[in-house]
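>
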Amino acid sequence: MSTPRFLEIPNGVVTRRLVTTRGTFAALEAVPPRGDRAPGSTVLLLPGWTGSKEDFLSLLLPLTLRGRRVVAVDQRGQFETPGPDDPAAYRLEELGLDALALAGALDAGPVHLVGHSFGGLIARAAVLAAPGAFTSLTLLGSGPSGLTGQRAGLLSLMVEAIPTQGLPAVYAAKRELERMEGVEDPPPAIEEFLARRFRANNPVSLTEITRQLVNAPDLVAELASVGLPTHVACGVDDDAWSPDDQRQMAARLAAHFTLIPDAGHSPAVDQPDATAAILTDYWDALARSTQPVGNNAP
1 MSTPRFLEIP NGVVTRRLVT TRGTFAALEA VPPRGDRAPG STVLLLPGWT GSKEDFLSLL
61 LPLTLRGRRV VAVDQRGQFE TPGPDDPAAY RLEELGLDAL ALAGALDAGP VHLVGHSFGG
121 LIARAAVLAA PGAFTSLTLL GSGPSGLTGQ RAGLLSLMVE AIPTQGLPAV YAAKRELERM
181 EGVEDPPPAI EEFLARRFRA NNPVSLTEIT RQLVNAPDLV AELASVGLPT HVACGVDDDA
241 WSPDDQRQMA ARLAAHFTLI PDAGHSPAVD QPDATAAILT DYWDALARST QPVGNNAP
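All residue numbers for the sequence shown refer to this note's numbering, where the first residue is 1 and numbers rise by one.
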């Protein structure tokens with residue numbers, strides 16, 4: 001889960017409901033002046049587990065100032081986008097089709113797709129379903145498969161607890177564990193938002209997404225076979241999928257790899273300006289070349 005640094009909607013960013021063939025999604029959108037817009041510039045941002053469009057608040061304007069139209073969404077069953085009580089609706093394949101429908105609803109041709117954390121697994125599913133809908137794929141703090149280790153064990157406990165204990169109790173237990181691990185409390189307004197956002201998730205959605213965050217298969221070979229230009233980027237201190245694991249995934253994908261200094265699992269929050277520069281540098285390089293950008297991992 002990302003923790004936004006602020007919640008005020010910046011000037012130049014609008015809230016909207018994005019109507020697609022698969023439902024209506026809550027979104028934030030920022031659009032540069034038409035004369036300043038880079039060609040093929042539309043970007044779709046997918047948040048991760050227990051996240052929301054607000055995870056990208058710090059990133060929207062830095063990307064727009066670099067000529068990009070940017071849309072961040074709440075995914076199905078997440079925060080302000082409703083979702084059904086059917087567990088099958090939250091399979092990665094279904095969520096990938098949502099992302100595909102969102103890209104189509106932007107009416108911009110192929111878009112640059114960015115998936116953060118669990119959103120990267122969804123972005124991967126969207127690309128595997130219809131690679132032609134996208135100009136590029138960026139996996140931001142995301143990995144080749146589900147999480148492992150102690151974090152996976154805690155998530156598995158959450159899968160069992162959500163249906164029996166409810167979201168408020170699970171959130172309280174989660175926050176207490178984070179405090180025991182030394183995570184500092186955010187300002188009161190941010191804490192209130194985090195609690196409200198967590199409780200607003202559809203419980204079936206959060207249960208199934210948490211389950212898949214642990215059990216997602218490794219589909220790197222399948223993604224590599226598609227041939228879509230791909231960028232893997234992560235914070236140097238990412239504590240979900242390790243930077244080494246993400247570097248190895250980039251090598252398997254023949255993808256561009258970028259390590260973001262002074263950032264953890266949420267570079268869009270920790271280093272928004274640097275993240276925006278890294279993303280746009282990659283997209284600009286693609287625009288200058290008909291060939292995918294090669295792996296530059298050191």
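Where a beta carbon is used, it is the ideal one built from N, C-alpha and C, also for glycine.
#1: Alpha carbons only, please: which of SER156, ALA173, LEU97, ASP218 is nearest the one belonging to ALA130?
#2: For the alpha helix (DSSP H) containing ALA72, list its first residue and its last residue.
#3: Evaluate the contact criterion for the region 131-141 versus the region 257-273: three or more CB pairs, one atom per stretch, below 8 Å.
#4: Excluding the 5 residues flanking GLU222 on each side, which residues of the same chain have their C-beta closer than 8 Å to its C-beta?
#5: In its own chain, which residues sit with a C-beta less than 7 Å from the C-beta of PRO62, not counting the 5 before and 5 after it?
#6: Leaving aside the five residues before and after GLN165 along the sequence, list all residues of the same chain whose C-beta is less than 7 Å from its C-beta, in chain order.
#7: Please give the ranges of any beta strand (DSSP E) in the region 19-58, keeping only runs that are unbroken, at least 3 residues long and fully inside the region.
#8: Nearest-angstrom Cα distance between LEU59 and LEU167?
#9: Three Cβ pairs or more, each shorter than 8 Å: is that satisfied between the region 233-251 and the region 180-187?
#10: Would you report the Cα separation of PRO4 and VAL111, rounded to the nearest angstrom?
#11: Please classify ILE122: does DSSP put it in a helix, a strand, or coil?
#12: By Cβ distance, which residues of its chain are closer than 8 Å to GLU93, with the 5 residues on each side in sequence left out?
#13: How would you call GLU54, buried or exposed, if buried means at least 16 neighbouring beta carbons within 10 angstroms?
#14: According to DSSP, which residues form a beta bridge with PHE134?
#15: Who does THR15 pair with in a DSSP beta bridge?
#16: Can you tell me the Cα-Cα spacing of ILE9 and TRP241, whole angstroms?
#17: Would you check if the distance between the CB atom of ILE122 and the CB atom of ALA108 is smaller than 8 Å?
#18: Note down, in chain order, each residue of its chain lying with its Cβ closer than 8 Å to the Cβ of VAL159, except the 5 sequence neighbours on either side.
#19: How many Å lie between PRO292 and GLY119 at the Cα?
#20: Excluding sequence positions up to five away, which residues of its chain have a Cβ less than 7 Å from the Cβ of GLY235?
#21: Leaving aside the five residues before and after PHE198 along the sequence, list all residues of the same chain whose C-beta is less than 7 Å from its C-beta, in chain order.
Checking against the coordinates, here is how it stands:
#1: Position 130 of the sequence shown, counted from the start, is the residue given in the question as residue 130. For the residues SER156, ALA173, LEU97, ASP218, the minimum Cα distance to ALA130 belongs to LEU97.
#2: Counting from one through the sequence shown, the residue named residue 72 turns up at place 72. Unbroken run through ALA72 is the beta strand (DSSP E), 70-73; no alpha helix (DSSP H).
#3: yes
#4: Reading the sequence shown from its first residue, position 222 is the one you call residue 222. Excluding residues within five positions, the ones whose Cβ falls inside 8 Å are LEU128.
#5: Here residue 62 is taken as the residue at index 62 of the sequence shown, counted from 1. Correct list, in chain order: PRO272, ASP273, ALA276.
#6: On the sequence shown, position 165 is the one that residue 165 refers to. None.
#7: List check, beta strand (DSSP E) in window: 23-30, 43-46.
#8: Stepping through the sequence shown from its first residue, residue 59 is reached at position 59. Stepping through the sequence shown from its first residue, residue 167 is reached at position 167. For LEU59 and LEU167, the distance between alpha carbons rounds to 29 Å.
#9: no
#10: Start at 1 with the first residue of the sequence shown, and residue 4 comes out as number 4. Start at 1 with the first residue of the sequence shown, and residue 111 comes out as number 111. Distance between the alpha carbons of PRO4 and VAL111: 25 Å.
#11: In the sequence shown, the residue the question calls residue 122 occupies position 122. Helix.
#12: Position 93 of the sequence shown holds residue 93. Only ALA125, ALA129 meet the Cβ criterion.
#13: Against the sequence shown, residue 54 aligns to sequence position 54. The residue is buried, with at least 16 neighbouring Cβ atoms inside 10 Å.
#14: Position 134 of the sequence shown holds residue 134. Per DSSP, VAL111.
#15: As a position in the sequence shown, residue 15 is number 15, starting the count at 1. BP columns for THR15 point to LEU28.
#16: Here residue 9 refers to the residue found at position 9 of the sequence shown. Here residue 241 refers to the residue found at position 241 of the sequence shown. Using only the alpha carbons, I get a separation of about 30 Å.
#17: On the sequence shown, position 122 is the one that residue 122 refers to. On the sequence shown, position 108 is the one that residue 108 refers to. Contact flag unset, no.
#18: Position 159 of the sequence shown holds residue 159. Closer than 8 Å at the Cβ level, and outside the excluded window around VAL159, lie THR207, THR210, ARG211, VAL214.
#19: One-based indexing of the sequence shown puts residue 292 at position 292. One-based indexing of the sequence shown puts residue 119 at position 119. Because PRO292 sits at a pLDDT of 43, beneath the cut-off of 50, its placement in the model cannot be relied upon, and the following sentence gives the value as read from the coordinates. Their Cα atoms are separated by approximately 22 Å.
#20: If you number the sequence shown from 1, residue 235 lands on position 235. When the five nearest sequence neighbours on each side are left out, the beta carbons in the same chain lying within less than 7 Å of the beta carbon of GLY235 are those of GLY141, ILE260, ALA263, GLY264, HIS265, PRO267, ASP270, in order along the chain.
#21: Numbered from 1 along the sequence shown, position 198 holds the residue referred to as residue 198. Same-chain partners within the cutoff: THR50, LEU167, TYR171.
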